[in-house]
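Asks: I'd like to ask you about the structure that follows.
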Amino acid sequence: MYARCAVTLPNPSFWWADGCILGDLGRPTCSRCSERGYTCTYSLIRRKPGPAARSYRGPGPSSSRTSSDHRRLSINAQSSHEDSSTPDSLSETRTFTPHNRRVPIQSESCQDPLTRSASIADWAISSQEERLLIETFFDTVHTAIPILSKERFLHQHRSLLVGQNLILAIITITAKLTEYTFSTEGFDTDAQINSLLSAETLEGDMLGQTPSLDQFRVSCLLAFYEFHQFPGHRAWTRIGDLTRMAYRVGLDRIETLRARYLDWGSANEADIQEWRLVWWCVYRLDSYSNISSGTPYLVEQETICTALIRDNLNAVPDFPGSSDQLCLPSQPSDLWKILPSLVSNPETSLYNIHIVTIAALRQAGTATRLRFLQSPEKTIASLSNLERSLSALRLALPSNHLNPNRNAFLNETGSAHHERLVTVLHLLMARLLTSILMCFRPGEDGWLTGWQQALESCQNIASIAEQWNGSFSVQVDPAIAFVLFTALIFLHIHKRLGMGPSTAAQSSIEHCETILLLQLEQFGRIWTLPRLLILSLKSFRESVSGPLSQSQVQLVLSRFEAPLHPRWLHFLSSARIDLELFRSVPA
């Protein structure tokens, strides 16, 4: 056993010279800790002194370095503290993976109070501001990306058990999204975000130590932020790397690991709960990124063996059992069967229903993508299965769940109301994709039925927007902007169809467009992604300003693959030319 001093020594070469190598498992105090009044803590693993391999060292000493350079803290700055130990009660973490690689079940090690105080000073943030931003994070951003148990995290933060990188990511992203103004000018929010995003991701640890819980949390936050604030190939790739690393650790099969491996099985339920939260965050990111881009999911829903969250997210269970845990069914058609059990736990029902409705939306996204890869007969069969699955799911939801109005008689809060509306939008988007597929059924009846249902779905999406309160926009996942954008595109097509709606129906469609665009603009005040979608919508409206024939509408439908698919976006920008070629084609 090796003593690992909790204080960072000036010269690492003296660390192990003064540390105590024990043969009798005694725990004396080394000279370094004795001089500073600290108690030595111990680890079963000896680590090399100095920063972790491939860690970012930053610029070397220079007389020209500015004061802001001293305050800058990158995501890998924690490497200088990764070897600091926890108290005796936390130092020996229980860890295991199938390949004998150690995965820390618990959170990051605690840090020396002097070191933590110095870090806060380096950030030019007072401890009061740090606590305020963390509270603000849980009141706003965390609802959109729930990856932490609030009360447990706040307790660990007060006890200095949270890694610096996670704190930095939380306060930086929260400050940016809420437009928080710091009391001093020393903390550059944009520079910190750029530093966080440009630092190495979890991919850099593929050949090294398995990422910790806090490292996964940081990666989830950064993937979420970059996908919506800097959408593009890099953001999509970041989510893919995160998903693959989650698979490598085994987060997709936590319940199996608990049953087969001692260290996972002996971990307390509170720690396992934290890992489940990370997995379902990865699931959501994988779903949104691939549904929007029309690409295959990395997560295989049929093989997930990680339970849904059954206990209060803000409480710590005091029992280790998992016999009552529920997983997503392997068959999408069985999603409705687990809803009664999920609804019986009101503390987490909305969280889990969100996962279930995403699973239904994934099914619709898969059917849309496979339409180009399989025969019409298989497409019709898939469509029938999808319709049955969605119908059963809608009917199995709690009473009044689909109501766009707030359930005032049930004392539904504004935050819970908007969280529920997001799940309704998932189902409406799935219904809209189903309606588009229905338009390709042979015969005139298939076309008319599908086209009418598409209009109905768009109008229902607009009814959600009518109840929207913009003050809650930062509390919901902005990925619903894809739903609003898709509805706006097809409402415009409905309005331009030559055989189209009456004057009253035309007025109704224009009202829906106005409401949806206003809601998209509210998200655009916070995020870049909705602003880009608005620009794409305006370009399409300018290209398609005249009446459309049925054949032209079918051309548009045939080009639709996903809201962010490159070929679809290219078509929207050049729709005028393509549609002109089909103007004379008979319906």
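Going by numbering that gives the first Met the number 0, the final residue of the sequence shown carries number 586, and the count climbs one at a time with no gaps. All C-beta atoms in this analysis are idealised placements derived from N, C-alpha and C, irrespective of residue type, glycine included.
Could you give the DSSP three-state label for Leu547: helix, strand or coil?
Replies: Translated into the one-based positions of the sequence shown, residue 547 becomes position 548. Of the three classes helix, strand and coil, the one that applies to Leu547 here is strand, per DSSP.
Asks: Measuring straight from C-alpha to C-alpha, what distance separates Ser506 and Gly185?
Replies: The residue you call residue 506 lines up with position 507 of the sequence shown. The residue you call residue 185 lines up with position 186 of the sequence shown. Each residue's alpha carbon lies about 53 angstroms from the other.
Asks: Roughly how many angstroms separate the alpha carbons of Ile492 and Leu547, rounded to a whole number?
Replies: For the purposes of this step, residue 492 is identified with residue 493 of the sequence shown, where counting begins at 1. For the purposes of this step, residue 547 is identified with residue 548 of the sequence shown, where counting begins at 1. Spanning the two alpha carbons is a distance of roughly 8 angstroms.
Asks: Which two residues bound the contiguous alpha helix (DSSP H) that contains His227?
Replies: Counting from 1 along the sequence shown, the entry for residue 227 is found at position 228. Segment Leu212 to Gln228, the alpha helix (DSSP H) holding His227.
Asks: Quick one: using the 10 Å Cβ neighbour count with 16 as the cut-off for buried, is Thr433 buried or exposed?
Replies: For the purposes of this step, residue 433 is taken as residue 434 along the sequence shown, with counting starting at 1. Buried: at least 16 other Cβ atoms inside 10 Å.
Asks: Taking just the CA atoms, how far does Lys494 sit from Thr142?
Replies: The sequence position of residue 142 within the sequence shown is 143, counting from 1. The sequence position of residue 494 within the sequence shown is 495, counting from 1. Computed Cα separation, rounded: 36 angstroms.
Asks: Assuming Leu338 and Leu396 form a contact by the criterion Cβ under 8 angstroms, report the distance between their Cβ atoms to the nearest whole angstrom.
Replies: Position 339 of the sequence shown, counted from the start, is the residue given in the question as residue 338. Position 397 of the sequence shown, counted from the start, is the residue given in the question as residue 396. That belief holds up - the Cβ atoms of Leu338 and Leu396 are roughly 6 angstroms apart, short of 8 angstroms.
Asks: Starting from the Cα of Glu465, find the closest Cα among Asn410, Ala429 and Asn402 and give me that residue.
Replies: Along the sequence shown, one-based indexing puts residue 465 at 466. Answer by Cα proximity: Asn402.
Asks: Where Ser390 and Glu273 are concerned, what is the direct C-alpha to C-alpha distance, given to the nearest angstrom?
Replies: Within the sequence shown, the letter at position 391 stands for residue 390. Within the sequence shown, the letter at position 274 stands for residue 273. Using only the alpha carbons, I get a separation of about 33 angstroms.
Asks: Any contact between the region 288-308 and the region 548-558? By contact I mean 3 or more CB pairs, one from each, below 8 angstroms.
Replies: Cβ pair count under 8 angstroms is below three, so no.
Asks: Beta carbon of Ile172, beta carbon of Leu241: below 8 angstroms?
Replies: Counted from its first residue, the sequence shown places residue 172 at position 173. Counted from its first residue, the sequence shown places residue 241 at position 242. No; because the gap between Cβ atoms is not below 8 angstroms, this pair is not in contact.
Asks: Taking Val277 as the reference, give the member of Leu385, Val248, Asn193 and Thr180 with the closest Cα.
Replies: As a first step, residue 277 is located in the sequence shown; it is residue number 278 there, counting from the start. The candidate whose alpha carbon is nearest that of Val277 is Val248.
Asks: For Gln521, tell me which candidate among Ser544, Glu512, Gln458 and Ser472 has the shortest Cα-Cα distance.
Replies: Translated into positions along the sequence shown, residue 521 becomes position 522. Taking only the C-alpha atoms, the option nearest Gln521 is Ser472.
Asks: Look at the alpha carbon of Ala234 and the alpha carbon of Thr502, and state the distance between them as a whole number of angstroms.
Replies: The residue labelled residue 234 in the question sits at position 235 within the sequence shown. The residue labelled residue 502 in the question sits at position 503 within the sequence shown. Near 44 angstroms, if we compare the C-alpha coordinates of Thr502 and Ala234.
Asks: Between which residues of its own chain and Met244 is the CB-CB distance below 6 angstroms, once the five residues before and five after are set aside?
Replies: One-based indexing of the sequence shown puts residue 244 at position 245. The answer, listed in chain order, is Leu201.
Asks: Under a three-way DSSP split, which group does Leu496 fall into?
Replies: Counted from its first residue, the sequence shown places residue 496 at position 497. Here Leu496 sits in strand by DSSP.
Asks: Would you mind sorting Gly545 into buried or exposed? The rule is 16 or more other CB atoms within 10 Å of its CB.
Replies: On the sequence shown, position 546 is the one that residue 545 refers to. When all chains shown are included, Gly545 counts as exposed.
Asks: For a quick check, are the C-beta atoms of Cys326 and Thr347 less than 8 angstroms apart?
Replies: By 1-based counting over the sequence shown, the position of residue 326 is 327. By 1-based counting over the sequence shown, the position of residue 347 is 348. Not in contact: Cys326 and Thr347 (Cβ atoms no closer than 8 angstroms).
Asks: Classify Glu541: buried if its beta carbon has 16 or more other beta carbons within 10 angstroms, exposed otherwise.
Replies: Residue 541 sits at position 542 when you count from the first residue of the sequence shown. Exposed: under 16 other Cβ atoms inside 10 Å.
Asks: Between the C-alpha atoms of Ile533 and Trp526, what's the straight-line distance to the nearest angstrom?
Replies: Walking along the sequence shown from the start, residue 533 turns up at place 534. Walking along the sequence shown from the start, residue 526 turns up at place 527. When rounded, the distance between both Cα atoms is 12 angstroms.
Asks: Express the C-alpha separation of Ile576 and Phe539 in angstroms, rounding to a whole number.
Replies: Here residue 539 refers to the residue found at position 540 of the sequence shown. Here residue 576 refers to the residue found at position 577 of the sequence shown. Computed Cα separation, rounded: 12 angstroms.
Asks: Going by C-alpha to C-alpha distance, which of Asp213, Tyr179 and Ser340 sits closest to Leu160?
Replies: On the sequence shown, residue 160 is found 161 positions in, with the first residue counted as 1. Of the listed residues, the one whose Cα sits closest to Leu160 is Asp213.
Asks: Between the Cα of Ala480 and the Cα atoms of Gln163, Ser340 and Pro230, which residue gives the shortest distance?
Replies: In the sequence shown, counting from the first residue as 1, residue 480 sits at position 481. Answer by Cα proximity: Pro230.
Asks: Is it right to say Ser343 is buried, meaning 16 or more other beta carbons lie within 10 angstroms of its own, or is it exposed?
Replies: Taking the sequence shown and counting its residues from 1, the one referred to as residue 343 is at position 344. Exposed.
Asks: Quick one: what does DSSP say Thr485 is sitting in, helix, strand or coil?
Replies: Position 486 of the sequence shown holds residue 485. The answer is helix: DSSP assigns Thr485 an H, G or I state.
Asks: Is the separation between the beta-carbon of Phe484 and that of Pro562 shorter than 8 angstroms?
Replies: Here residue 484 is taken as the residue at index 485 of the sequence shown, counted from 1. Here residue 562 is taken as the residue at index 563 of the sequence shown, counted from 1. Contact flag set, yes.
Asks: Tell me the DSSP secondary structure of Val298 in three-state form.
Replies: Residue numbering aside, residue 298 sits at position 299 when the sequence shown is read from its first letter. Val298: coil per DSSP, three-state reduction.
Asks: Can you look up Ala123 in the DSSP assignment and give me helix, strand or coil?
Replies: Position 124 of the sequence shown, counting from 1, holds the residue named residue 123. Residue state, collapsed to three classes: coil.
Asks: With the cut-off set at 8 angstroms, would you say Thr422 and Thr356 are in Cβ contact?
Replies: Here the question's residue 422 lines up with position 423 in the sequence shown. Here the question's residue 356 lines up with position 357 in the sequence shown. It is a contact, given that the beta carbons lie within the stated cut-off.
Asks: Cα-Cα, which of Leu536, His417 and His227 is closest to Phe570?
Replies: By 1-based counting over the sequence shown, the position of residue 570 is 571. For the residues Leu536, His417 and His227, the minimum Cα distance to Phe570 belongs to Leu536.
Asks: Please confirm whether Glu560 has its beta-carbon closer than 8 angstroms to some beta-carbon of chain B.
Replies: Annotation note: the requested chain B is absent from the structure, which comprises a single protein chain.
Asks: At what residues does the alpha helix (DSSP H) containing Asn351 begin and finish?
Replies: The residue labelled residue 351 in the question sits at position 352 within the sequence shown. Ser348 to Leu369 is the extent of the alpha helix (DSSP H) around Asn351.
Asks: Just the C-alpha distance for Arg440 and Arg387, rounded to the nearest angstrom, thanks.
Replies: By 1-based counting over the sequence shown, the position of residue 440 is 441. By 1-based counting over the sequence shown, the position of residue 387 is 388. Taking the straight line joining both Cα atoms gives about 17 angstroms.
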